[in-house]
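Taking it in order: structure first as C-alpha cells, then the write-up.
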Amino acid sequence: MNQKPHGRLRAWQAACLLAGALSGGAASADILIGQTTAVSGPVAASVGETVAGVHLYLDHVNAKGGVHGERIKLITLDDKFEPKLAGENARRLIEDDNVAALFMSRATPHTEAILPHLAKHGVALVAPSTGAMTFHKPANPLVFNVRSSYQAETEKAVEHLHTIMVQRIAVVHVDDSFGEDCLAGAQKGFANVGSKPVAVIKTDRAKPDYATIVPQLIQAQAQAVIWIGSSVAVSDGVKALRKAGSSMQVVTVSNNASRGFVAQLGDSVRGVIVTQVFPNVRSMGYAINREAAALAKAKGNLTLSPSVMEGFTSAKVLVEGLRRAGPKPTREKIVTALGGMSHYDLGGLELGYGPGDRTGLSYVELSIIDADGLFRR
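Throughout the sequence shown, residue numbering follows mature numbering (1 follows the signal peptide of the UniProt record, and there is no 0), covering -29 to -1, 1 to 348 in sequence.
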C-alpha cells in the first residue's frame, strides 16, 4: 500500500491538533467553540482525521473573514477516551473558557457525561461523533446530531448480509452503552429478516479477550460477525480471526471508517466491511465532495476519508448555525438558530432539525475495504 498519502494525513493531523491546543491562549478569534475528544488513546487515529476535516473547512471560512466578520476559534481538549475526563473537559470549556457551543465530542459514554453540563448552562452540542440512539430519541433540544444512528447502520448491515445469503451471523460488541445500542439495531435487522444471531459476545472495552472470543465465533460456525468496538479492538480482532485460520466476513460500523483503521488492519485489511454515514469520497456527484476535494488540494493534497468528511460536514453545519445566529452569537441564539434549521443543503445532502427532531442526516451505505486500503462500495 502506498503510505505517502497517509503520511501527509498524519502531518496535517498534527498541525491541526497543535493549532487546537494552542488556541486556548490566543485572543484574536471572536467566536469560541469547545471540543473534548480523544486526541490520544485507542481512537486517536480516526479522531485525528475528523479534526483535520473540521479545520479544512474552518480554516477556509476564517480565511474569508469568518462569520459576520468574526473568526471561529476551536479549543480542543484531550479526554484520552475517558468518559469522566470528557465531562470535566466540558465543564471547563463552558465555565472557564466561556465557549459559545460545544462541538464534535467522541463516543457514547463520553458524550453522555457532557449532557448535564449542557443542561445546566443551556449550551448546544453540535455534531457529536456518535450515532447512539440515546441522542436521537427522545430528542435532546441541545444536541444537534449530523450523522445517522448506529442502530440504522447495524440494522442495514444485517439486512445486507441476509440478501447475499449469509445466514449465520454473530455479533461481538463492547460492553458499554455504545455496544448495547449497536446490538439493539442489529436485533432489529434480525427481526426484519426473520432470523437470530448464532452468537452474541460481550467484550471488555479496554482489553478484549480474543483467546476466548475467536474460538466462540468459530464454534458457532458463523459466516460473518458484526464487530462493535474501537478501531484498535476491531482491527486486533480481525487479525486474531485470520491468525486462527478463519476467513469469516467481518463487518464494523462507521466509528472505524478511517484511514487509521485501515493502517491498523495491516495485512488483514482486504474484505472488511464498514458501514458509512456519508457518501463515498470518490462520489463526485455530490457537491460537498467536490468542495472538500478542492479545498484539500489547495491545502496540499490532504487525503480525504470518511472520517475527514465527517469532520468537514460537521464544520459546515456548525458554521451555518453560527451564520443564522447573527453577529456576536450567544448560547441561546445558537440553540435557536440550529433548532430552526429545517432545510439545509450541505451539497447534495439535506439536513434538517425541528421540534422533537435532532437527527440531522439519514444516510447509510456499506463499503468494503480493498487490498489497497480504499473504501469501495
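We treat Cβ as the ideally placed atom computed from N, Cα and C, and that holds for glycine.
Small disclaimer: the values here were computed from a predicted structure and weren't measured.
(request) Please report the residue range of the beta strand (DSSP E) in which Y324 lies. (result) Taking the first residue of the sequence shown as 1, we reach residue 324 at position 353. Where Y324 is concerned, the enclosing beta strand (DSSP E) stretches over E321 to G325.
(request) Pull up the distance between the alpha-carbon of T7 and that of M136, whole angstroms please. (result) Working through the sequence shown from its first residue, we reach residue 7 at position 36. Working through the sequence shown from its first residue, we reach residue 136 at position 165. Straight through space, the alpha carbons of M136 and T7 are spaced by roughly 42 Å.
(message) Classify A(-3): buried if its beta carbon has 16 or more other beta carbons within 10 angstroms, exposed otherwise.
(response) As a first step, residue -3 is located in the sequence shown; it is residue number 27 there, counting from the start. Only weak support exists for where A(-3) lies, its pLDDT of 41 falling under 50; the value from the coordinates is given anyway. It counts as exposed.
(request) Classify E336 as helix, strand or coil using the three-state DSSP reduction. (result) In the sequence shown, the residue the question calls residue 336 occupies position 365. Correct three-state label for E336: strand.
(request) With a cut-off of 8 Å on the beta carbons, I'd call I43 and I4 a contact; round off their distance for me. (result) As a first step, residue 43 is located in the sequence shown; it is residue number 72 there, counting from the start. As a first step, residue 4 is located in the sequence shown; it is residue number 33 there, counting from the start. Sure, about 6 Å apart at Cβ, within 8 Å.
(message) Helix, strand or coil, according to DSSP, for A(-11) in the structure here?
(response) Residue mapping note: residue -11 aligns to position 19 of the sequence shown, counting from 1. Confidence at A(-11) is low in this model, with a pLDDT of 49, below 50, so its placement is unreliable and the value that follows should be read with caution. Three-state result, A(-11): helix.
(message) I believe S225 touches Q247 by the beta-carbon criterion, under 8 Å. Please report the beta-carbon distance rounded to the nearest angstrom.
(response) Counting from one through the sequence shown, the residue named residue 225 turns up at place 254. Counting from one through the sequence shown, the residue named residue 247 turns up at place 276. With 8 Å as the limit, S225 and Q247 qualify as a contact, their Cβ atoms being about 6 Å apart.
(request) With a threshold of 16 other CB atoms inside 10 Å of the CB of P277, please say whether the residue is buried or exposed. (result) Within the sequence shown, residue 277 is the residue found at index 306, counting from 1. So P277 ends up on the buried side.
(message) When you compare the stretch 137 to 144 with the stretch 196 to 207, are there three or more beta-carbon pairs, one atom per stretch, that lie closer than 8 Å?
(response) The stretch 137 to 144 vs the stretch 196 to 207: in contact.
(request) State the Cα-Cα distance for the pair A9 and V18, rounded to the nearest angstrom. (result) Taking the sequence shown and counting its residues from 1, one reaches residue 9 at position 38. Taking the sequence shown and counting its residues from 1, one reaches residue 18 at position 47. Using only the alpha carbons, I get a separation of about 7 Å.
(request) Have a look at T101 and L45 and give me their C-alpha separation to the nearest angstrom. (result) Numbered from its first residue, the sequence shown carries residue 101 at position 130. Numbered from its first residue, the sequence shown carries residue 45 at position 74. One C-alpha to the other measures close to 19 Å.
(request) From the DSSP output, in three-state form, read off residue 350 for me. (result) Coverage of the chain is limited to positions -29 through 348, which leaves residue 350 absent and any answer about it impossible.
(request) If I'm right that R213 touches S239 with Cβ under 8 Å, what's the distance once you round it to whole angstroms? (result) Reading the sequence shown from its first residue, position 242 is the one you call residue 213. Reading the sequence shown from its first residue, position 268 is the one you call residue 239. Contact holds; Cβ gap of about 5 Å.
(request) Please name the residue or residues paired with I259 in a DSSP beta bridge. (result) Here residue 259 refers to the residue found at position 288 of the sequence shown. The secondary-structure analysis by DSSP pairs I259 with nothing; it has no beta-bridge partner.
(message) Tell me the rounded alpha-carbon separation between V290 and G311.
(response) Against the sequence shown, residue 290 aligns to sequence position 319. Against the sequence shown, residue 311 aligns to sequence position 340. Rounded to the nearest angstrom, the two C-alpha atoms are 14 Å apart.
(request) Output the distance between the C-alpha atoms of D67 and H92, rounded to the nearest integer angstrom. (result) Position 96 of the sequence shown, counted from the first residue, corresponds to residue 67. Position 121 of the sequence shown, counted from the first residue, corresponds to residue 92. Near 12 Å, if we compare the C-alpha coordinates of H92 and D67.
(message) Applying the 10 Å Cβ sphere with the 16-neighbour rule, what's the burial state of R241?
(response) Position 270 of the sequence shown, counted from the first residue, corresponds to residue 241. Exposed, since its Cβ has fewer than 16 Cβ neighbours within 10 Å.
(message) Assuming contact is defined by CB atoms lying nearer than 7 Å, are A267 and L275 in contact in what I supplied?
(response) Position 296 of the sequence shown holds residue 267. Position 304 of the sequence shown holds residue 275. In this structure, L275 lies closer than 7 Å to A267 by Cβ.
(request) Report the residue from R348, T330, G344 and P54 whose alpha carbon sits nearest the alpha carbon of S338. (result) Within the sequence shown, residue 338 is the residue found at index 367, counting from 1. Distances from the CA of S338 to each of R348, T330, G344 and P54 were compared; the closest alpha carbon is that of R348.
(request) Starting from A170, follow the alpha helix (DSSP H) in both directions and report where the run begins and ends. (result) Here residue 170 is taken as the residue at index 199 of the sequence shown, counted from 1. Looking at the DSSP string, A170 is not in any alpha helix (DSSP H); the run it does join, the beta strand (DSSP E), is A170 to T174.
(request) Could you work out which residue in D180, H314 and A128 is closest to V288 when comparing CA atoms only? (result) Position 317 of the sequence shown, counting from 1, holds the residue named residue 288. Nearest of D180, H314 and A128 to V288, Cα basis: H314.
(message) I'd like the list of long-range same chain contacts for S(-7), defined as Cβ closer than 7 Å, with 5 residues on each side in sequence excluded.
(response) The sequence position of residue -7 within the sequence shown is 23, counting from 1. Residue placement at S(-7) cannot be trusted, given a pLDDT of 42 that sits under 50; what the coordinates show is reported in the next sentence. K44, L45 and I46.
(request) Whole angstroms is fine: what's the gap from A263's alpha carbon to L293's? (result) Looking up residue 263 in the sequence shown gives position 292. Looking up residue 293 in the sequence shown gives position 322. Cα to Cα, the separation comes out at about 20 Å.
(message) Under 8 Å: do the stretch 80 to 91 and the stretch 318 to 332 share three or more Cβ pairs, one atom per stretch?
(response) Too few Cβ pairs lie closer than 8 Å, so no.
(request) Pull up the CB-CB distance for P13 and S202, whole angstroms please, since I reckon it's below 8 Å. (result) Here residue 13 is taken as the residue at index 42 of the sequence shown, counted from 1. Here residue 202 is taken as the residue at index 231 of the sequence shown, counted from 1. About 7 Å separates the two Cβ atoms, so the contact holds.
(request) Let me know if L(-12) comes out buried or exposed under the rule of 16 or more other beta-carbons within 10 Å of its beta-carbon. (result) Within the sequence shown, residue -12 is the residue found at index 18, counting from 1. Here the model assigns L(-12) a pLDDT of 49, short of 50, so the residue's position is not dependable and the matter cannot be decided.
(request) Using DSSP bridges, identify the partner residues of T246. (result) The residue you call residue 246 lines up with position 275 of the sequence shown. Under DSSP, T246 forms a beta bridge with L337.
(message) Please state the DSSP three-state secondary structure of E281.
(response) As a working note, residue 281 is residue 310 in the sequence shown. Looking at E281 - three-state DSSP - the assignment turns out to be helix.
(request) Have a look at K210 and S217 and give me their C-alpha separation to the nearest angstrom. (result) Residue numbering aside, residue 210 sits at position 239 when the sequence shown is read from its first letter. Residue numbering aside, residue 217 sits at position 246 when the sequence shown is read from its first letter. Distance between the alpha carbons of K210 and S217 is about 10 Å.
(request) Pull up the CB-CB distance for Y324 and F52, whole angstroms please, since I reckon it's below 8 Å. (result) Taking the sequence shown and counting its residues from 1, the one referred to as residue 324 is at position 353. Taking the sequence shown and counting its residues from 1, the one referred to as residue 52 is at position 81. Not confirmed; about 28 Å, so no contact.
(message) Tell me the rounded alpha-carbon separation between G165 and D30.
(response) Residue 165 sits at position 194 when you count from the first residue of the sequence shown. Residue 30 sits at position 59 when you count from the first residue of the sequence shown. Between the alpha carbons of G165 and D30 lies a distance of about 49 Å.
(message) Can you give me the C-alpha to C-alpha distance between F161 and Q138, rounded to a whole angstrom?
(response) As a first step, residue 161 is located in the sequence shown; it is residue number 190 there, counting from the start. As a first step, residue 138 is located in the sequence shown; it is residue number 167 there, counting from the start. In a straight line, the C-alpha of F161 is about 10 Å away from that of Q138.
(message) So within the stretch 292 to 318, which uninterrupted alpha helix (DSSP H) runs reach at least 4 residues, ignoring any that extend past its ends?
(response) Runs of the alpha helix (DSSP H) inside the stretch 292 to 318: 302 to 310.
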